[in-house]
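Asker:
Number of protein chains: 2
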Amino acid sequence: MSNMTPLSELGEFGLIKLIKDKVTIQQGSTIKGIGDDAAVLEPTERQVVVSSDMLLEGVHFDLMFCPLKHLGYKAVAVNVSDIAAMNARPTQITVNIALGAKFTVEAVEELYEGIRLACENYKVDLVGGDTTSSRTGLVISVTAIGEVAKGEAVLRSGAKENDLICVTGDLGAAYLGLQILEREKQAFLANPDMQPELEERQYIIGRQLRPEARMDVVYDLKERGIKPTAMIDVSDGLASELFHICAQSGVGATIYKDNLPVDEQALEAAMEFKLDPITCILNGGEDYELLFTVPLADYDKVKNHPDISIIGKITAKGDGINLANKHGQSFPLQAQGWKHF
Amino acid sequence: MSNMTPLSELGEFGLIKLIKDKVTIQQGSTIKGIGDDAAVLEPTERQVVVSSDMLLEGVHFDLMFCPLKHLGYKAVAVNVSDIAAMNARPTQITVNIALGAKFTVEAVEELYEGIRLACENYKVDLVGGDTTSSRTGLVISVTAIGEVAKGEAVLRSGAKENDLICVTGDLGAAYLGLQILEREKQAFLANPDMQPELEERQYIIGRQLRPEARMDVVYDLKERGIKPTAMIDVSDGLASELFHICAQSGVGATIYKDNLPVDEQALEAAMEFKLDPITCILNGGEDYELLFTVPLADYDKVKNHPDISIIGKITAKGDGINLANKHGQSFPLQAQGWKHF
């Protein structure tokens, strides 16, 4: 750390300038970005969507194995994921950060490089926020803003009986990636000369450290003329998210165990950790895939989509929420999710 | 604390329900509030303004003397103040909170009661946010959203030579209130039987603990047909804010020492603490008054306003930023502001 620059050398205004210099405005709707009391936006669509999430060191991430660039990227991606889940298009973000005394200018640059990359990928403008000191760890609070034409927003409450339940990508990998990172951290703490074995598990580790918001699927569904009836992003685990959709839509659901999408690396890791892969798929969080329902009539449009799995169907409320196996047996599903408190 | 309920008894979903039950929607533009991946808004004006601020325990507030209800109120007010400084109307907020393990359900209710009160006063809807655990202290991150007709937003960059410099209310009181609270805290720590002497200083202590955003002045200026040329809220101290306006407008300024508004209690406290009152007025932060400039032609409209002081005038950039006394002597002003790092 001898060549690093303490934040105190830069000061708050220097820090704001450093951040501002990284920003390129991509959205025509950004009238005034960083540099005033508030940003000024001029949405091109009739409706605006807003979502906000906070990540705390020691609770949501561990700087021992989470590179700052990835962390910056992830902080944006998880918020964009919420905008995606509304069937909206992300346009702007604000970022509040609290930095501990140990933070260097170089570390802040890494963090904002990740934020910048995510802004570039998702075409969102960083338009404001707050930088402050923290007596303890790093805190990042992001608010994402998006736009959607009136009538196009998709809520959690629109699922109807007989709708197909779909999910993008694969599930459980982010949770298993975290198990590997935690294990390698413990091994490193026990023996600092040890090299972590991460290469064979790059995919699932990447799912944990640098998730993507599925904006590609949102745009793709629109192109194919599919409007989901309900949608949510998988941050707390599939089962928990399905419970939200069912509760808010007033319906039940059956999920087919054999249709649940899982990556080979995740399966291998589950075996290695002696974890039930189905539990990892159902309750492992942070995959940031989209769980959505479409009318049965859209079956032909989604059935061969390389990135969408049809995993079940919406049933009557009285039927409850069940997991069915290939023998036709059904078991009530438990929503586990994350316990924060 | 024996009758208090630990947060773990409520769980995350119980906590979200507790918060949601406190919310009354007042804005027609709130289409969907708490309960989905994002809030859905339908602004009635052409432009949307967004501002975000984060408050951390031990950095921005001390729970030893800051009641949670006031803190909740303040977290909203300081963000609404930024919307006021844009000449906009606040409409919605999102609130992210991180709670330490010591937090009880009753404490969260106090905090949200303050947030609710502020929402009611400023007519903003709480439409979303995030609740999470903190390994250390309380963190509150608020994003405020507002609306403004196209062409009505007031930036920091519009001040012109010969404009009048105005400020609302009085200055320095919040800083001096903090000095009193800190002194009484030390006295209490030294002797817990001691009763704090706060009654004679209620006004300035209130300025620190429960500031108000000057939305009243924003609405009042509009009614009087006054549109400021530049505006900023006084969060870091008058001098620092004036430097922002001058830098972004490319102008200089002269402030008249004798015109600076100060409350009697603040003056008394400054004397008690042997602090220069002018320094407290110029550099004490957190007053959340509005500093703005108006064309000289508006002089008659503002001169007798009970809540507005004309404190100076905008000059040419080359003249610099100065403080003038009644003898006509001028001294360059120093912007001190807050050092976070």
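As you go down the protein sequences, you meet chains A and B in turn. Going by the numbering used here, the residue at position 42 of the first sequence is 42; the numbering climbs one at a time, nothing skipped. Going by the numbering used here, the residue at position 160 of the second sequence is 1160; the numbering climbs one at a time, nothing skipped. Just so it is clear, CB atoms sit at the ideal spot from N, CA and C, and this is done for glycine as well.
Which residues in the same chain have their Cβ closer than 7 Å to the Cβ of V262/A, if we skip the five residues on either side of it in sequence?
Answerer: Residue mapping note: residue 262/A aligns to position 262 of the first sequence, counting from 1. Closer than 7 Å at Cβ, skipping near neighbours: D170, L171, G172, P277, I281.
Asker: I'd like to know if T1132/B contacts chain A, where contact means its C-beta is closer than 9 Å to some C-beta of that chain.
Answerer: Mapped onto the second sequence, residue 1132/B falls at position 132. Judged by the 9 Å Cβ criterion, T1132/B is in contact with chain A.
Asker: Quick check: what's the CA-CA separation for T1343/B versus C1246/B?
Answerer: Outside the displayed span of chain B (1001 to 1341) sits residue 1343/B, for which this structure offers no information.
Asker: Measure the beta-carbon distance from Q265/A to Y175/A and round it to whole angstroms, keeping in mind my assumption that it falls under 8 Å.
Answerer: Stepping through the first sequence from its first residue, residue 265/A is reached at position 265. Stepping through the first sequence from its first residue, residue 175/A is reached at position 175. Wrong, their Cβ atoms sit about 12 Å apart, outside the cutoff.
Asker: Locate the alpha helix (DSSP H) running through G1240/B, then write down its first and last residues.
Answerer: Taking the second sequence and counting its residues from 1, one reaches residue 1240/B at position 240. Inspection of the sequence shows that residue 1240/B is occupied by Ser rather than by Gly. Element bounds for S1240/B: 1238-1249.
Asker: With 16 as the cutoff for other CB atoms within 10 Å, does T5/A come out buried or exposed?
Answerer: Numbered from 1 along the first sequence, position 5 holds the residue referred to as residue 5/A. A residue is called buried once 16 or more other Cβ atoms fall within 10 Å of its Cβ, and T5/A, having fewer, is exposed.
Asker: Sorted by chain position, which residues of the same chain lie with C-beta nearer than 7 Å to A85/A's C-beta, five sequence neighbours on each side aside?
Answerer: As a position in the first sequence, residue 85/A is number 85, starting the count at 1. Contacts found: M231, I232, D233, L290.
Asker: Would you please verify whether the beta carbon of Q47/A is less than 9 Å from any beta carbon of chain B?
Answerer: On the first sequence, position 47 is the one that residue 47/A refers to. Chain B, which has a Cβ nearer than 9 Å to the Cβ of Q47/A, makes this yes.
Asker: Looking at the strands, I want to know which residues DSSP matches up with F1188/B.
Answerer: To locate residue 1188/B, count along the second sequence from 1; it is residue 188. The partner list for F1188/B (beta bridge, DSSP) is empty, contrary to what the question assumes.
Asker: Flag this pair as yes or no: are the beta carbons of S1029/B and P1043/B separated by less than 9 Å?
Answerer: For the purposes of this step, residue 1029/B is taken as residue 29 along the second sequence, with counting starting at 1. For the purposes of this step, residue 1043/B is taken as residue 43 along the second sequence, with counting starting at 1. Yes; because the gap between Cβ atoms is below 9 Å, this pair is in contact.
Asker: How many whole angstroms separate the CB atoms of K1020/B and N1162/B, which I take to be in contact at a CB cut-off of 8 Å?
Answerer: Here residue 1020/B corresponds to residue number 20 of the second sequence, with the count starting at 1. Here residue 1162/B corresponds to residue number 162 of the second sequence, with the count starting at 1. At roughly 52 Å, the Cβ-Cβ gap does not stay under 8 Å, so K1020/B and N1162/B are not in contact.
Asker: Using the beta-carbon of each residue, which ones in chain B are nearer than 9 Å to R135/A?
Answerer: Your numbering for residue 135/A matches position 135 in the first sequence. What R135/A touches in chain B: L1056, E1057, G1058, V1059, T1136, G1137.
Asker: I'd like to know whether the C-beta atoms of G1237/B and G1318/B end up nearer to each other than 9 Å.
Answerer: The sequence position of residue 1237/B within the second sequence is 237, counting from 1. The sequence position of residue 1318/B within the second sequence is 318, counting from 1. Contact: no.
Asker: Would you mind sorting M1001/B into buried or exposed? The rule is 16 or more other CB atoms within 10 Å of its CB.
Answerer: Counting from 1 along the second sequence, the entry for residue 1001/B is found at position 1. Confidence at M1001/B is low in this model, with a pLDDT of 45, below 50, so its placement is unreliable and no value can be given for it.
Asker: Can you tell me where the alpha helix (DSSP H) holding R46/A begins and where it ends?
Answerer: Counted from its first residue, the first sequence places residue 46/A at position 46. Element bounds for R46/A: n/a, residue is neither H nor E.
Asker: Cβ closer than 9 Å: which chain B residues qualify as neighbours of E42/A?
Answerer: The residue given as residue 42/A occupies position 42 in the first sequence. Neighbours of E42/A on chain B, chain order: R1046, Q1047, V1048, K1150.
Asker: First and last residue of the beta strand (DSSP E) that includes M215/A?
Answerer: By 1-based counting over the first sequence, the position of residue 215/A is 215. For M215/A, no beta strand (DSSP E) segment is defined; the enclosing uninterrupted segment is the alpha helix (DSSP H) at 215-223.
Asker: Mind checking who K1032/B pairs with in its DSSP beta bridge?
Answerer: Position 32 of the second sequence, counted from the start, is the residue given in the question as residue 1032/B. Partner(s): V1040/B.
Asker: Which of the three DSSP states, helix, strand or coil, is assigned to S1134/B?
Answerer: Position 134 of the second sequence, counted from the first residue, corresponds to residue 1134/B. Here S1134/B sits in coil by DSSP.
Asker: Provide the residue span of the beta strand (DSSP E) that contains I1092/B, from first to last.
Answerer: Taking the second sequence and counting its residues from 1, the one referred to as residue 1092/B is at position 92. In the sequence under discussion, the amino acid at residue 1092/B is Gln, which differs from the Ile named in the question. Its beta strand (DSSP E) spans residues 1089-1099.
Asker: What does V127/A touch in chain B if you count any residue whose Cβ is under 8 Å from its own?
Answerer: The residue labelled residue 127/A in the question sits at position 127 within the first sequence. Under the 8 Å cutoff, chain B gives V1050.
Asker: Just by C-beta distance, which residues in the region 1080-1101 of chain B are closer than 9 Å to chain A?
Answerer: S1081, D1082, I1083, A1084, A1085, M1086, A1088, Q1092, T1094, V1095, N1096, I1097, A1098, L1099, A1101
Asker: State the Cα-Cα distance for the pair A1077/B and E1212/B, rounded to the nearest angstrom.
Answerer: Along the second sequence, one-based indexing puts residue 1077/B at 77. Along the second sequence, one-based indexing puts residue 1212/B at 212. C-alpha separation (whole angstroms): 6 Å.
Asker: How would you label E1147/B, buried or exposed, when you count the other beta carbons within 10 angstroms and need 16 or more for buried?
Answerer: Numbered from its first residue, the second sequence carries residue 1147/B at position 147. Counting Cβ neighbours within 10 Å, E1147/B comes out buried, since at least 16 surround it.
Asker: Using the C-alpha atoms, what's the distance from E1012/B back to F341/A?
Answerer: Locating residue 341/A in the first sequence gives position 341, counting from the first residue. Locating residue 1012/B in the second sequence gives position 12, counting from the first residue. Confidence at F341/A is low in this model, with a pLDDT of 48, below 50, so its placement is unreliable and the value that follows should be read with caution. Their backbone Cα atoms lie some 7 Å apart in a straight line.
Asker: Mapping the DSSP letters down to three states, classify P67/A as helix, strand or coil.
Answerer: Translated into the one-based positions of the first sequence, residue 67/A becomes position 67. Three-state result, P67/A: coil.
Asker: Determine the direct distance from the alpha carbon of T132/A to that of E109/A, and round the result to whole angstroms.
Answerer: Counted from its first residue, the first sequence places residue 109/A at position 109. Counted from its first residue, the first sequence places residue 132/A at position 132. If I take the Cα positions, the gap works out to 15 Å.
Asker: Which residues mark the beginning and the end of the alpha helix (DSSP H) in which T279/A is found?
Answerer: One-based indexing of the first sequence puts residue 279/A at position 279. Annotation: the continuous alpha helix (DSSP H) that includes T279/A extends over 277-283.
Asker: For a cutoff of 9 Å on Cβ pairs, would you count T5/A as touching chain B?
Answerer: Here residue 5/A is taken as the residue at index 5 of the first sequence, counted from 1. No, because no Cβ of chain B sits closer than 9 Å to the Cβ of T5/A.
Asker: From K301/A to K1022/B, what does the alpha carbon distance come to, in whole angstroms?
Answerer: For the purposes of this step, residue 301/A is taken as the residue at position 301 of the first sequence. For the purposes of this step, residue 1022/B is taken as the residue at position 22 of the second sequence. The alpha-carbon separation between K301/A and K1022/B amounts to approximately 43 Å.
Asker: Using DSSP with H/G/I as helix, E/B as strand and the rest coil, what is I1232/B?
Answerer: For the purposes of this step, residue 1232/B is taken as the residue at position 232 of the second sequence. DSSP places I1232/B in strand when its eight states are reduced to three.
Asker: What in chain B is Cβ-close to A266/A, meaning under 7 Å?
Answerer: By 1-based counting over the first sequence, the position of residue 266/A is 266. The contact set of A266/A on chain B, defined by CB atoms closer than 7 Å, is empty, because the minimum CB distance reaches about 24 Å.
Asker: Express the C-alpha separation of V59/A and G1100/B in angstroms, rounding to a whole number.
Answerer: Counting from one through the second sequence, the residue named residue 1100/B turns up at place 100. Counting from one through the first sequence, the residue named residue 59/A turns up at place 59. One C-alpha to the other measures close to 11 Å.
Asker: Hey, how far is the Cα of S309/A from the Cα of L333/A?
Answerer: The residue you call residue 309/A lines up with position 309 of the first sequence. The residue you call residue 333/A lines up with position 333 of the first sequence. One C-alpha to the other measures close to 19 Å.
Asker: For the alpha helix (DSSP H) containing V105/A, list its first residue and its last residue.
Answerer: Working through the first sequence from its first residue, we reach residue 105/A at position 105. Where V105/A is concerned, the enclosing alpha helix (DSSP H) stretches over 105-122.
Asker: So what's N1322/B in DSSP terms, helix, strand or just coil?
Answerer: For this step, residue 1322/B is matched to residue 322 along the second sequence. N1322/B: strand per DSSP, three-state reduction.
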